[in-house]
């Protein structure tokens with residue numbers, strides 16, 4: 001049910017954040033069978049897309065991500081965000097911006113997403129776009145300002161990752 005899928009996702013993300021990659025791969029393979037049959041393939045590809053992202057294999061992560069055919073809200077949202085992050089890491093900035101645009105439309109038009117979660121996702125998109133612009137045309141002053149804004153922002157999806165990417169911009173020559 002819903003709780004199994006959510007638990008699966010939470011456990012997997014927790015393992016990946018602590019860099020337990022082998023354990024995570026084993027976990028995906030051994031536990032996907034407990035997810036409802038109609039969701040199994042999507043959850044499997046989502047799991048591997050996430051795993052490959054965390055191990056730095058962004059192309060492989062995108063490949064798994066492209067096989068996700070879910071109409072389920074949490075998976076669709078996670079899939080969009082993961083795809084955006086992969087495009088960024090691969091420096092496919094045009095694709096990242098284009099995806100950010102279609103994601104914004106998806107969120108805007110979706111009646112099932114609460115205002116709180118819409119704001120959370122719009123904040124992600126706002127900072128994500130700003131980081132891309134700064135990556136393309138580096139400006140340390142703007143990056144420093146963005147970092148300060150990000151650190152104090154609330155209700156921002158992927159805040160930790162956005163902060164890391166902004167800090168990386170500040171390290172560039």
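In the working numbering, the protein residues as written are 1 to 173. Cβ atoms here follow ideal geometry from the backbone N, Cα and C, with glycine treated the same way. In this text, all values refer to a predicted model and were calculated from it rather than measured experimentally.
Residue i to residue j span [Cα, whole Å]
i           : j           : result
residue 86  : residue 6   : 22 Å
residue 60  : residue 45  : 11 Å
residue 100 : residue 129 : 8 Å
residue 13  : residue 50  : 8 Å
residue 68  : residue 93  : 22 Å
residue 165 : residue 135 : 9 Å
residue 137 : residue 172 : 11 Å
residue 111 : residue 70  : 17 Å
residue 41  : residue 140 : 43 Å
residue 115 : residue 127 : 18 Å
residue 18  : residue 26  : 15 Å
Collapsed DSSP secondary structure at residue i in the structure displayed
i           : result
residue 136 : helix
residue 69  : coil
residue 35  : coil
residue 111 : coil
residue 6   : helix
residue 25  : helix
residue 154 : coil
residue 30  : helix
residue 166 : helix
residue 1   : Because residue 1 sits at a pLDDT of 45, beneath the cut-off of 50, its placement in the model cannot be relied upon, and the following sentence gives the value as read from the coordinates. In the structure shown, residue 1 sits in coil (DSSP, three-state: anything other than H, G, I, E or B).
residue 56  : coil
residue 45  : helix
residue 20  : coil
Beta-carbon gap between residue i and residue j smaller than 8 Å
i           : j           : result
residue 157 : residue 75  : no
residue 15  : residue 23  : yes
residue 8   : residue 43  : yes
residue 150 : residue 132 : no
residue 125 : residue 103 : yes
residue 169 : residue 148 : no
residue 120 : residue 153 : no
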